[in-house]
Amino acid sequence: MDFDSVLKESCIKITGCIAVSLVGIDGIALSSFTKNNQSDLSLADAELATLASTAEKISREIGAGAMAEIILITGKMTIVTAMVGKEYYIYYALSGKDQNVGLARYEIKRLTQELSPTIYG
Numbered sequence: 117m118d119f120d121s122v123l124k125e126s127c128i129k130i131t132g133c134i135a136v137s138l139v140g141i142d143g144i145a146l147s148s149f150t151k152n153n154q155s156d157l158s159l160a161d162a163e164l165a166t167l168a169s170t171a172e173k174i175s176r177e178i179g180a181g182a183m184a185e186i187i188l189i190t191g192k193m194t195i196v197t198a199m200v201g202k203e204y205y206i207y208y209a210l211s212g213k214d215q216n217v218g219l220a221r222y223e224i225k226r227l228t229q230e231l232s233p234t235i236y237g
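Just add 116 to the spot in the sequence shown (first one is 1) and you have my numbering.
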């Protein structure tokens, strides 16, 4: 499966999506796409890996089950993150006043189901 093409097609569908990345819990991206070619996602990949791993650990420790998704809203951006199994996660970075968080949440669930069998065999 061509992860780069899958991520690009998904990001282009979502109004306000500026980047999408499939990242291991070690913070290293397996694949990513950004609309702004000058954006370096490596720092975001690493920091979000820590956040996703911590959220997963907390969720299990308090008996809330597996972490489903994280939505981080800042003054300029919204980041939607979800685990793909136990070793990877996907995130979308959205920006602008017309960002479609609902479609990003739908796409992240769809991609999680689509990519899991390929990643984990």
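Ideal Cβ positions, reconstructed from N, Cα and C, are used throughout, including at glycine. Because the structure is a prediction, the values reported are computed rather than measured.
With three or more CB-CB distances shorter than 8 Å, the segment 183–194 counts as touching the segment 214–221. Assignment of I141 by DSSP, reduced to helix, strand and coil, places it in the coil class.
Residue pairing by DSSP places A198 opposite I206 in a beta bridge. As the crow flies, the alpha-carbon of L164 is around 9 Å from that of I141.
For L157, there is no enclosing beta strand (DSSP E), as DSSP marks it with neither H nor E. Cβ-Cβ separation between G201 and I174: approximately 18 Å, too far for a contact (criterion under 8 Å). A Cβ-Cβ distance of about 17 Å is found for the pair L227 and G132, leaving them out of contact under the 8 Å criterion. When DSSP states are grouped into helix, strand and coil, T228 belongs to the helix group. No Cβ-Cβ contact shorter than 7 Å links S137 with D120. Rounded to whole angstroms, the Cβ separation of V196 and Y207 is 6 Å, and the two are in contact under 8 Å. Comparing alpha-carbon positions, the option among L167, L146, I189, T150 lying closest to M117 turns out to be L146.
Straight through space, the alpha carbons of R176 and K151 are spaced by roughly 35 Å.
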